[in-house]
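The structure appears right after this line, and notes come after that.
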Ligand code: WQD
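Numbering (the numbering used here), first residue to last: 19 to 345.
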């Protein structure tokens, strides 16, 4: 099939593009390179530099004809979204409305969307399944939830079939090192730990070690980015097969603590990783874990690479390679 991947030069988008290419699809990537990287563009895909705020640009590309659109273009820093909600409203919500309108006007039938576990807010029970109440505690999560609600209407009124994939914590790198772009100024745990292992930063701040968790540090559900990417190809197969829109969690169902991630990185890299326990980060729950049972049942999807060793070792290969190349 022919697939348009919007935001396909970003960290997750590049892995998604690689997965569609490997599965034999024809891929065009549309990305404004605001956080995407030229390094993440593959020789066997077409690349168009463009912005989701440019409706004419979007529709010009889409009218060439695609079987499906995958939409990953968004701002994603939860903390920043609380300071600059306007930026998130315009890009994430208005940008998606442009994509929705261009998609239906071009006669494209399927849309796959990067949603987020941030739609749930504070956990009422664990593991979190799709029936868990949605009550985002940051504006970023609110934008994702609003977009999901637009999909219900475009499905009903325009017959657009949408898959909303609620990612938990994406981490890791392609096991064959075909995606090598490092995120700039990362704030997420694993890239921060990797930067410390490479000597790109002095230490890791561990945001609180007095949580009600086995070692006191925060526990999250990490999902390997290749597992996430496979969730997108599985979602397209499912949309085509069932002809019905759906929403699913994509999580590794692991529950890894901050200290466990640092210790694994120390063992895998053989490097000392200095860390300092600091204050809790506002808004952080002690523990978040996912149920991905629905994705298993509906799409036959299951995380294969989301164990702590594979998450860390696949990242370390890419970071140590980048460090070696930088001299
Ligand atoms: C993980 C754990 C931190 C950095 C975020 C978004 C969420 C989703 C995924 C997109 C927590 C701890 C972190 C550090 C630390 N994004 N930590 N020191 O907050 O679970 O989720 O990314 O959809 O919306 O909020 O991810 O990687 O920031 O934190 O101790 O330098 O690591 O406290 O326990 P988070 P994270």
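By construction, the Cβ of each residue, glycine as well, lies at the ideal position given by its N, Cα and C atoms.
Status (buried if at least 16 other CB within 10 Å, exposed otherwise) for residue i
i: residue 94; result: buried
i: residue 52; result: exposed
i: residue 230; result: exposed
i: residue 296; result: exposed
i: residue 171; result: exposed
i: residue 45; result: buried
i: residue 220; result: exposed
i: residue 232; result: exposed
i: residue 58; result: buried
i: residue 248; result: buried
i: residue 187; result: buried
i: residue 184; result: buried
i: residue 3; result: Nothing can be reported for residue 3: it is not among the residues displayed for the chain, which extend from 19 to 345.
i: residue 207; result: buried
i: residue 139; result: buried
Bridge partners - residue i, DSSP secondary structure assignment
i: residue 294; result: 223
i: residue 386; result: Lying before the first or after the last residue shown, residue 386 is absent from the chain, which here runs from 19 to 345.
i: residue 22; result: 46, 87
i: residue 242; result: 189
i: residue 237; result: 275, 305
Closer than 7 Å: residue i CB and nearest ligand 1 heavy atom
i: residue 205; result: yes
i: residue 158; result: yes
i: residue 106; result: no
i: residue 99; result: no
i: residue 245; result: no
i: residue 324; result: no
i: residue 225; result: yes
i: residue 236; result: yes
i: residue 299; result: yes
i: residue 214; result: no
i: residue 187; result: yes
i: residue 283; result: no
i: residue 344; result: no
Rounded distance between the beta-carbons of residue j and residue i, thought under 8 Å
i: residue 239; j: residue 271; result: 7 Å
i: residue 293; j: residue 222; result: 4 Å
i: residue 23; j: residue 79; result: Contact doesn't hold; Cβ gap of about 11 Å is too wide.
i: residue 76; j: residue 116; result: 6 Å
Ligand 3 heavy atom lying under 7 Å from the CB of residue i
i: residue 134; result: Absent from the structure shown: ligand 3. Ligands present: ligand 1.
Subject >> Complete alpha helix (DSSP H) runs within the region 32 to 74 (minimum length 4 residues, chain order) >> reply: Fully enclosed alpha helix (DSSP H) runs of no fewer than 4 residues are not present anywhere in the region 32 to 74.
**OP:** Ignoring anything shorter than 3 residues or poking outside the region 274 to 328, list the beta strand (DSSP E) runs there in chain order.
**Re:** Listed in chain order, they are 293 to 296.
Original post:
Taking the runs of the alpha helix (DSSP H) that are 4 residues or longer, which of them lie wholly in the region 114 to 190?
Top reply: Whole alpha helix (DSSP H) segments, 4+ residues: 157 to 176.
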